[in-house]
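No gaps in the numbering here: position 81 of the sequence shown is 81 in the UniProt record's numbering, and each next residue is one more.
Backbone N, C-alpha and C define an ideal beta-carbon position, used for all residues, glycine too.
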Amino acid sequence: MAKTKAFKKSFTQYKSKKFVGVILTRDKTPVSILLLSAIVGILAGFVGTFFEIAVTWISETRTEWLKQEVGSAVPLWLTAILVSAALAFVGYYLVNRFAPEASGSGIPEIEGAMDDIRPVRWWRVIPVKFFGGLGALGSGMVLGREGPTVQMGGNIGRMVSDIFRLKDPDGRHSLLACGAAGGLTAAFNAPLAGIMFVVEEMRPHFRYNLLSIKAVIISSVMSTLVFRSIKGQDAVITMPQYNPPELHTLWLFLVLGLMFGIFGVTFNRLVTWAQDMFALIHRNERKRYLITGTVIGGVFGLLLIYLPELTGGGVELIPGATNGDYSISFLMILFLARIATTLICFGSGAPGGIFAPMLALGTLFGTFFGQFALYIDPSLPIEPGMFAIAGMGALFAATVRAPITGILLVIEMTNNYHLILPLIITTLGATIMAQLLGGQPIYTQLLHRTLKKAKLQRGDLPITTPVVKVKTDIDETKATTTESAISTELTDEHKPAKKVAGDYGEALNIKDDKT
Numbered sequence: 001m002a003k004t005k006a007f008k009k010s011f012t013q014y015k016s017k018k019f020v021g022v023i024l025t026r027d028k029t030p031v032s033i034l035l036l037s038a039i040v041g042i043l044a045g046f047v048g049t050f051f052e053i054a055v056t057w058i059s060e061t062r063t064e065w066l067k068q069e070v071g072s073a074v075p076l077w078l079t080a081i082l083v084s085a086a087l088a089f090v091g092y093y094l095v096n097r098f099a100p101e102a103s104g105s106g107i108p109e110i111e112g113a114m115d116d117i118r119p120v121r122w123w124r125v126i127p128v129k130f131f132g133g134l135g136a137l138g139s140g141m142v143l144g145r146e147g148p149t150v151q152m153g154g155n156i157g158r159m160v161s162d163i164f165r166l167k168d169p170d171g172r173h174s175l176l177a178c179g180a181a182g183g184l185t186a187a188f189n190a191p192l193a194g195i196m197f198v199v200e201e202m203r204p205h206f207r208y209n210l211l212s213i214k215a216v217i218i219s220s221v222m223s224t225l226v227f228r229s230i231k232g233q234d235a236v237i238t239m240p241q242y243n244p245p246e247l248h249t250l251w252l253f254l255v256l257g258l259m260f261g262i263f264g265v266t267f268n269r270l271v272t273w274a275q276d277m278f279a280l281i282h283r284n285e286r287k288r289y290l291i292t293g294t295v296i297g298g299v300f301g302l303l304l305i306y307l308p309e310l311t312g313g314g315v316e317l318i319p320g321a322t323n324g325d326y327s328i329s330f331l332m333i334l335f336l337a338r339i340a341t342t343l344i345c346f347g348s349g350a351p352g353g354i355f356a357p358m359l360a361l362g363t364l365f366g367t368f369f370g371q372f373a374l375y376i377d378p379s380l381p382i383e384p385g386m387f388a389i390a391g392m393g394a395l396f397a398a399t400v401r402a403p404i405t406g407i408l409l410v411i412e413m414t415n416n417y418h419l420i421l422p423l424i425i426t427t428l429g430a431t432i433m434a435q436l437l438g439g440q441p442i443y444t445q446l447l448h449r450t451l452k453k454a455k456l457q458r459g460d461l462p463i464t465t466p467v468v469k470v471k472t473d474i475d476e477t478k479a480t481t482t483e484s485a486i487s488t489e490l491t492d493e494h495k496p497a498k499k500v501a502g503d504y505g506e507a508l509n510i511k512d513d514k515t
C-alpha cells in the first residue's frame, strides 16, 4: 500500500510538472507585446479622457462666459456666432493644413492602416485630431468624440511601436488594434464594447490570433482603469433602470428593429451623398473649405443660444427623452432636424465622429415609437424609455453592422443590463433588414471613398506601362498594369511586399523578387 501511494504521489507530481511545462512551451505570446499593449491602453485612456474633459469644459463654460463677460457690451447672438466660427475655423484649418487624414471620423483611416493601405503619421495626426476636434466639437457642431479617440488611440499604438522599434508585423498590427480599442473604451467607459468593436466591426481588417486578443483586452482594461480613476465609475448616461418587458410585447422591439434597418441603410447613403455635395462645394480649394466650415460653425453658435437641442453630439438629449420631457410631435421634429444637422456637420469634413449623433437619433426615434405605441394602445405594459435604449443599439447595428458591439455599448453606457433580450431582438432585426436591402457598413463605405479620393488627388490616369514579359514552362504571358494601380507609398517599412490597390483599395501582397 505504501509503495502504491508513493507511486501515485510521484506520478501526480510528474503529470503536474509536465502539464505546466506543456502550457509554458505552448504559450508563445511575447511578454513584451503584452506590456506594450498596457502602455498603449494607458496612453489612449489618458488622451481620450482628457479630450472628453476638454470638450465638456468648452461646451459648458462658453455660453456662461458669453453671458457674463460679453453679453452686456456686444449682442449675445453676434458674439456666439463669432466664437463658434473661430473655434470651427481652428478645427478645419488644422486638418486641411497639417493632417488631411484627420478629417471626419478617423475610424476608416485606422481600418485602412490595419490593411496596410493607409499611412499612419502619428506625429501629426494626434495633435491635429486633439486640438482640431476640440475646435469642431467645441463650436457646437453635431459630432461625436468617439471617432477622434479611436483614431488617436490607433495612432498612439503605432507611436509606441515606433518608439520601441517593434519590427514584428503582427505585433505592430496588434498595437494598432489595441489603441483603437482603448480609444473607444475611453470615449464611452465601455471596455467590453471597446474589445468587441475591434473583434466584430473591424473583423475584415483584424488579424485574429491569441496574441492580438490578449493585447486588445489588456489595452481596454488599462484604458478603463484610467478613465474611471479620473471620471469615476458611474455610467456615461444617467438613465432609469428598467425591468425586463413582458414577453408578449417583444414583437414591438422586432418591428422597431426592422424600421431601423431601413433607416440605417438610408442614413448611410445620405452620409456619402452629403460628403459628395460638400466635395462639389469645396472643389479641393482650401479657401472654400475654410469658409464653408467657418460659416457652419457660426450657424451652430447661433443655434446654441436659441435651439440647443439641435447642437452637440446629442448624448445630453438622451436622459430628457427617456424621462418624457419631449412630446411625441417634438420628438419627430427633433429627429428629422438632427438628421439634417448631422449630415451637414459630418459631411463637411469636420474632425469629429458620428457615433454619438447616431445614438441620439436612435434614442429620439425609439422614444417616439414607444410613445406612439402607448398612444395606440394605452394598456400596453411598456415604457418609452425601453425603446429609446433599444433604438440606440438598433441604429448602431444597422449603420455600423456590428450588433454585438451595439448591444454591449448601450448596456455599458446606460447600465440597463435587464434589457439585453429586447436589445438582441431589436439589433438582430435591424441587421437582417439592412443586409436584405443590400446596405454596406458605414465605415466600409467611408474607407472606399477615402481610397478613391486619394487616387484622384494623385492625378492617376490609366496610362499603360511597358509590357512585362513573364516566362513560364508553358508559354510567355504578357501582363500590363496601370500607373494608378500601384501605390508607391508603403505604410509599413518592415513588410517585404509591395502594395497594389484595386478600385476599392483591396490590398494585394506581391512578394519582392529579392525576398
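Q.
Counting C-beta neighbours from all protein chains within 10 Å, is the total for Pro75 16 or more, i.e. buried, or is it exposed?
A. Counting from one through the sequence shown, the residue named residue 75 turns up at place 75. Flag for Pro75 reads exposed.
Q) So is His282 buried or exposed if we call it buried at 16+ other beta carbons inside 10 Å? A) As a first step, residue 282 must be located in the sequence shown, where it is residue number 282. Buried, since its Cβ has 16 or more Cβ neighbours within 10 Å.
(Q) Going by DSSP, what residue range makes up the alpha helix (DSSP H) through Gln371? (A) For this step, residue 371 is matched to residue 371 along the sequence shown. First-last of the alpha helix (DSSP H) with Gln371: 355-376.
Q: Tell me whether Ser223 is buried or exposed, calling it buried when 16 or more other Cβ atoms sit within 10 Å of its Cβ.
A: Counting from one through the sequence shown, the residue named residue 223 turns up at place 223. Buried: at least 16 other Cβ atoms inside 10 Å.
Q. How long is the line joining the alpha carbons of Arg207 and Pro148, rounded to whole angstroms?
A. By one-based count along the sequence shown, residue 207 stands at place 207. By one-based count along the sequence shown, residue 148 stands at place 148. Cα to Cα, Arg207 sits roughly 23 Å from Pro148.
Q | Selection from Gln445, Thr61, Arg62 that minimises the alpha carbon distance to Trp273 | A | Position 273 of the sequence shown, counting from 1, holds the residue named residue 273. Nearest C-alpha to Trp273: Gln445.
Q) Count the other CB atoms within 10 Å of the CB of Lys129; is the residue buried (16 or more) or exposed (fewer)? A) Taking the first residue of the sequence shown as 1, we reach residue 129 at position 129. When all chains shown are included, Lys129 counts as buried.
Q) Taking buried to mean at least 16 other C-beta atoms within 10 Å of its own C-beta, is Asn189 buried or exposed? A) In the sequence shown, the residue the question calls residue 189 occupies position 189. It counts as buried.
Q) Under a three-way DSSP split, which group does Gly313 fall into? A) On the sequence shown, position 313 is the one that residue 313 refers to. Note: Gly313 maps to coil in three-state DSSP.
Q: Out of Thr342, Glu200, Asp116, Ser37, point me to the one whose CA is closest to Phe164's CA.
A: Here residue 164 is taken as the residue at index 164 of the sequence shown, counted from 1. For Phe164, the nearest C-alpha among the options comes from Ser37.
Q | Simplified DSSP state of Gly385, which is helix, strand or coil | A | Taking the first residue of the sequence shown as 1, we reach residue 385 at position 385. Assignment of Gly385 by DSSP, reduced to helix, strand and coil, places it in the helix class.
Q. Can you name, in chain order, every residue of its own chain whose Cβ lies under 7 Å from the Cβ of Val236, other than the five neighbours on each side?
A. Position 236 of the sequence shown, counted from the start, is the residue given in the question as residue 236. Closer than 7 Å at the Cβ level, and outside the excluded window around Val236, lie Phe188, Asn189, Met413.
Q) Is Gly232 helix, strand or coil by DSSP? A) Walking along the sequence shown from the start, residue 232 turns up at place 232. In the three-state reduction of the DSSP assignment, Gly232 falls in the coil class.
Q) Taking the DSSP output, what are the residues bridged to Gly144? A) Walking along the sequence shown from the start, residue 144 turns up at place 144. Looking at the DSSP assignment, Gly144 forms a beta bridge with Gly353.
Q. Does the distance from the C-beta atom of Leu419 to that of Ile389 stay below 8 Å?
A. Taking the first residue of the sequence shown as position 1, residue 419 is located at position 419. Taking the first residue of the sequence shown as position 1, residue 389 is located at position 389. A contact, by the Cβ cut-off of 8 Å.
(Q) Relative to the C-alpha of Gly86, which candidate in Phe387, Gly140, Leu43, Ile117 has its C-alpha closest? (A) Taking the sequence shown and counting its residues from 1, the one referred to as residue 86 is at position 86. The residue you asked about is not Gly; residue 86 is Ala in the sequence shown. Closest by C-alpha distance to Ala86, out of Phe387, Gly140, Leu43, Ile117, is Gly140.
**Q.** Helix, strand or coil at Tyr242 according to DSSP, with G and I counted as helix
**A.** Taking the sequence shown and counting its residues from 1, the one referred to as residue 242 is at position 242. Residue state, collapsed to three classes: coil.
Q. Quick one: what does DSSP say Pro422 is sitting in, helix, strand or coil?
A. Along the sequence shown, one-based indexing puts residue 422 at 422. Of the three classes helix, strand and coil, the one that applies to Pro422 here is helix, per DSSP.
Q.
Quick test of your reading: Pro422 and Met386, contact by CB under 8 Å. State the CB separation rounded to the nearest angstrom.
A. Counting from one through the sequence shown, the residue named residue 422 turns up at place 422. Counting from one through the sequence shown, the residue named residue 386 turns up at place 386. About 7 Å separates the two Cβ atoms, so the contact holds.
Q) Since Gly347 and Phe278 are thought to touch, with beta carbons under 8 Å apart, how far apart are those beta carbons, to the nearest angstrom? A) Taking the sequence shown and counting its residues from 1, the one referred to as residue 347 is at position 347. Taking the sequence shown and counting its residues from 1, the one referred to as residue 278 is at position 278. Correct: roughly 5 Å between the Cβ atoms.
Q: Could you check if Val31 is buried or exposed, using at least 16 other CB atoms within 10 Å of its CB as the buried criterion?
A: Translated into positions along the sequence shown, residue 31 becomes position 31. With fewer than 16 other Cβ atoms within 10 Å, it is exposed.
Q. Taking the runs of the alpha helix (DSSP H) that are 4 residues or longer, which of them lie wholly in the region 87-157?
A. Taking only runs of at least 4 residues, the alpha helix (DSSP H) segments lying wholly in the region 87-157 are 107-114, 122-138.
**Q.** Reduced DSSP secondary structure (H/G/I, E/B, other) of Met202
**A.** Here residue 202 is taken as the residue at index 202 of the sequence shown, counted from 1. Note: Met202 maps to coil in three-state DSSP.
Q: Could you pull out every residue in the same chain whose Cβ sits closer than 7 Å to the Cβ of Thr399, ignoring the five residues on either side in sequence?
A: Counting from one through the sequence shown, the residue named residue 399 turns up at place 399. For Thr399, where only same-chain residues beyond five positions count, the Cβ hits under 7 Å are Gly264, Phe267, Asn268, Met358, Ile442.
Q | Simplified DSSP state of Pro169, which is helix, strand or coil | A | Taking the first residue of the sequence shown as 1, we reach residue 169 at position 169. DSSP places Pro169 in helix when its eight states are reduced to three.
Q | Euclidean distance between Cα positions of Ile411 and Arg145 | A | Taking the sequence shown and counting its residues from 1, one reaches residue 411 at position 411. Taking the sequence shown and counting its residues from 1, one reaches residue 145 at position 145. About 19 Å.
(Q) Assuming Phe197 and Ala186 are in contact, meaning their beta carbons sit under 8 Å apart, how far apart are those beta carbons, in whole angstroms? (A) What you label residue 197 is simply residue 197 of the sequence shown in a count that begins at 1. What you label residue 186 is simply residue 186 of the sequence shown in a count that begins at 1. 12 Å between Cβ atoms; not a contact.
Q) Just curious, the alpha helix (DSSP H) that Ile305 is in, first and last residue? A) Along the sequence shown, one-based indexing puts residue 305 at 305. Looking at the DSSP string, the run of the alpha helix (DSSP H) that includes Ile305 is 286-306.
Q: Could you tell me which of Ala430, Ile81, Ala215, Pro169 sits nearest to Ile262, measuring between CA atoms?
A: Residue 262 sits at position 262 when you count from the first residue of the sequence shown. Among Ala430, Ile81, Ala215, Pro169, the Cα nearest to that of Ile262 belongs to Ala430.
Q) Should Gln275 be labelled buried (16 or more other beta-carbon atoms within 10 Å of its own) or exposed? A) Numbered from its first residue, the sequence shown carries residue 275 at position 275. It counts as buried.
Q: Assign Ala402 to one of three DSSP states: helix, strand, or coil.
A: As a working mapping, residue 402 is identified with position 402 in the sequence shown. Of the three classes helix, strand and coil, the one that applies to Ala402 here is coil, per DSSP.
Q. In whole angstroms, what is the alpha-carbon distance linking Phe51 and Ile107?
A. Position 51 of the sequence shown, counting from 1, holds the residue named residue 51. Position 107 of the sequence shown, counting from 1, holds the residue named residue 107. The alpha-carbon atoms of Phe51 and Ile107 are separated by roughly 17 Å.
Q. Ends of the alpha helix (DSSP H) at Ser329?
A. Here the question's residue 329 lines up with position 329 in the sequence shown. Run containing Ser329: 328-347, per the alpha helix (DSSP H) assignment.
Q. Do you know how far the Cα of Arg172 is from the Cα of Leu166?
A. To locate residue 166, count along the sequence shown from 1; it is residue 166. To locate residue 172, count along the sequence shown from 1; it is residue 172. Near 7 Å, if we compare the C-alpha coordinates of Arg172 and Leu166.
Q. DSSP on Val47, reduced to helix/strand/coil?
A. Taking the sequence shown and counting its residues from 1, one reaches residue 47 at position 47. Val47: helix per DSSP, three-state reduction.
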